[in-house]
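Q: Just passing along the structure, written as structure tokens.
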Amino acid sequence: MHVMKRVHFLFTITSVIIGLALPLSAQTPAKPVKPIPTERVDLWSGMAPVGDGKFEDCHLELEVFLPPADKANGVAIVLCPGGGYIRHVTDREGYPIAQWLSEHGIATIILEYRLPELRHQVPLLDAQRAIRLTRANAATWKIDPKRIGILGFSAGGHVASTAATHFDNGNAESPDPIERLSCRPNFAWLVYPVITMGKYTNTGSRNELLGPDPKPELVRFYSNETQVTADTPPTFLAHAVDDKPVPPENSREFVAAMKVHRVSVELLELPSGGHGLNGCKGPLWEQWKAAALKWLTDQKVIPKRSS
55 MHVMKRVHFL FTITSVIIGL ALPLSAQTPA KPVKPIPTER VDLWSGMAPV GDGKFEDCHL
115 ELEVFLPPAD KANGVAIVLC PGGGYIRHVT DREGYPIAQW LSEHGIATII LEYRLPELRH
175 QVPLLDAQRA IRLTRANAAT WKIDPKRIGI LGFSAGGHVA STAATHFDNG NAESPDPIER
235 LSCRPNFAWL VYPVITMGKY TNTGSRNELL GPDPKPELVR FYSNETQVTA DTPPTFLAHA
295 VDDKPVPPEN SREFVAAMKV HRVSVELLEL PSGGHGLNGC KGPLWEQWKA AALKWLTDQK
355 VIPKRSS
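Okay, here's the thing in structure tokens:
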């Protein structure tokens, strides 16, 4: 018994000594470094609409990541991270994507939209405002106001698909010059997106947005496969066939609606990876990224050299 205790003690001391001898990076896995945005822009001027003529105090900022001048191609993407409408998974679905897009000459505007807490209009209002603001800053950020897209993951994909199916040309009589601009995205990327509030929805996301017993008219309004028209922008989608929290039928039904209206659409169905595609890493994660860039090239949004 005493021998066993002594062996355990020696093992512990030895482990500590070895640990102290190792570089700090080998002892503790390094946390990913949060990139510094090119600039931050207030989404709203202090007060933000919540719908039905009501407003709330809001100090939300957009994080703008501009590519190097020698790589910039004039394209911008408003990015909506996922998180089930209860948080923002920006560490995986935000900053690394902004870095990757920058390498391909694309500006990224990260939107951590207000979480709904049953205020169903809030995420859409934030997404529409982010698109208008990006358009308003086109000259300053050296982007083409006719090549502004929106990208969303999971619940952020619901925000993005809602913005892609619910938009306007701006209010010409608004005293706010930002609100005079169109909030229609020119294209959309939707990655394992929540699309529907119906049969195949993610229940948690729907409950956060609409509550456990939503009115049928709200279910239809936010079931974006039912909101597609001929004016819906061209869209690329990626979804794993084994996604359980957000079944691939979300993307399939959206694609079917796009085809009915003869709008350009492409769905990359991945053979595995589940929801989040293996934690936003690995070959399948890289596959959707490569396919999305190729699609953007095929759409003649970016030149071939950026694919």
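Here my numbering is used: position 231 in the sequence shown is 285, and no number is missing along the way. We treat Cβ as the ideally placed atom computed from N, Cα and C, and that holds for glycine.
Since residue 282 and residue 252 are thought to touch, with beta carbons under 8 Å apart, how far apart are those beta carbons, to the nearest angstrom?
A: Within the sequence shown, residue 282 is the residue found at index 228, counting from 1. Within the sequence shown, residue 252 is the residue found at index 198, counting from 1. Actually they do not touch by this definition, with Cβ atoms about 14 Å apart.
Q: Can you tell me which of 166, 232 and 233 puts its alpha carbon nearest to the alpha carbon of residue 118?
A: Mapped onto the sequence shown, residue 118 falls at position 64. Cα-wise, what sits closest to residue 118 is 166.
Q: Please state if the CB of residue 218 and the CB of residue 162 are separated by a distance shorter than 9 Å.
A: Looking up residue 162 in the sequence shown gives position 108. Looking up residue 218 in the sequence shown gives position 164. Taking 9 Å as the Cβ cut-off, residue 162 and residue 218 do not qualify as a contacting pair.
Q: State the Cα-Cα distance for the pair residue 107 and residue 141, rounded to the nearest angstrom.
A: What you label residue 107 is simply residue 53 of the sequence shown in a count that begins at 1. What you label residue 141 is simply residue 87 of the sequence shown in a count that begins at 1. Cα to Cα, residue 107 sits roughly 26 Å from residue 141.
Q: Would the region 184 to 197 count as touching the region 235 to 246 if we require 3 or more Cβ pairs under 8 Å?
A: Yes: the two stretches touch, three or more of their Cβ pairs being nearer than 8 Å.
Q: From the DSSP secondary-structure annotation, give me the bridge partner or partners of residue 102.
A: Along the sequence shown, one-based indexing puts residue 102 at 48. DSSP lists 110 as partners of residue 102.
Q: Helix, strand or coil, according to DSSP, for residue 323 in the structure here?
A: Indexing the sequence shown from 1 puts residue 323 at position 269. Note: residue 323 maps to strand in three-state DSSP.
Q: Any idea what DSSP makes of residue 316, helix, strand or coil?
A: Position 262 of the sequence shown, counted from the start, is the residue given in the question as residue 316. Residue 316 falls in the coil class under three-state DSSP.
Q: I need the straight-line Cα distance from residue 111 to residue 172, nearest angstrom please.
A: Residue 111 sits at position 57 when you count from the first residue of the sequence shown. Residue 172 sits at position 118 when you count from the first residue of the sequence shown. Cα to Cα, residue 111 sits roughly 17 Å from residue 172.
Q: Taking only runs that begin and end inside the region 194 to 226, name each unbroken alpha helix (DSSP H) of 4 or more residues, in chain order.
A: Here the runs fully enclosed are 209 to 219.
Q: Using the beta-carbon count (16 or more within 10 Å), is residue 307 buried or exposed?
A: Translated into the one-based positions of the sequence shown, residue 307 becomes position 253. The residue in question, residue 307, is buried, as its Cβ has 16 or more Cβ neighbours within 10 Å.
Q: In whole angstroms, what is the alpha-carbon distance linking residue 351 and residue 267?
A: To locate residue 351, count along the sequence shown from 1; it is residue 297. To locate residue 267, count along the sequence shown from 1; it is residue 213. Answer to the nearest angstrom: the Cα atoms are 43 Å apart.
Q: Under 9 Å between the Cβ atoms of residue 291 and residue 319?
A: Residue mapping note: residue 291 aligns to position 237 of the sequence shown, counting from 1. Residue mapping note: residue 319 aligns to position 265 of the sequence shown, counting from 1. Yes, the pair counts as a contact, with Cβ atoms nearer than the cut-off.
Q: Can you look up residue 360 in the DSSP assignment and give me helix, strand or coil?
A: Within the sequence shown, the letter at position 306 stands for residue 360. The pLDDT assigned to residue 360 is 42, lower than 50, so where the model puts this residue is not dependable; a value taken from the coordinates is nonetheless given after this. Three-state DSSP puts residue 360 in a helix.
Q: Considering only residues of the same chain and omitting the five flanking positions on each side of residue 298, which have a CB-CB separation below 8 Å?
A: What you label residue 298 is simply residue 244 of the sequence shown in a count that begins at 1. Excluding positions up to five away in sequence, the list reads 328 and 329.
Q: Can you name, in chain order, every residue of its own chain whose Cβ lies under 6 Å from the Cβ of residue 364, other than the five neighbours on each side?
A: Because the chain here runs from 55 to 361, residue 364 falls outside it and cannot be looked at.
Q: Exposed or buried, residue 157, counting other C-beta atoms within 10 Å across all chains shown (16 or more means buried)?
A: Along the sequence shown, one-based indexing puts residue 157 at 103. Label assigned to residue 157: exposed.
Q: Leaving out five residues on either side along the sequence, give the residues of the same chain with a beta carbon under 8 Å from the beta carbon of residue 41.
A: Residue 41 lies beyond the residue range present for the chain, which begins at 55 and ends at 361; the question has no answer from this structure.
Q: Kindly indicate which three-state DSSP category residue 160 falls into: helix, strand or coil?
A: Working through the sequence shown from its first residue, we reach residue 160 at position 106. It is coil, neither helix nor strand.
Q: At least one CB of chain D closer than 9 Å to the CB of residue 276: is that the case?
A: The chain labelled as chain D is not found in the depicted structure, where only one protein chain is given.
Q: Rank 150, 204, 143 and 138 by C-alpha distance to the C-alpha of residue 129 and give the top, closest one.
A: Position 75 of the sequence shown, counted from the first residue, corresponds to residue 129. Comparing Cα-Cα distances from residue 129 to each of 150, 204, 143 and 138, the minimum goes to 204.
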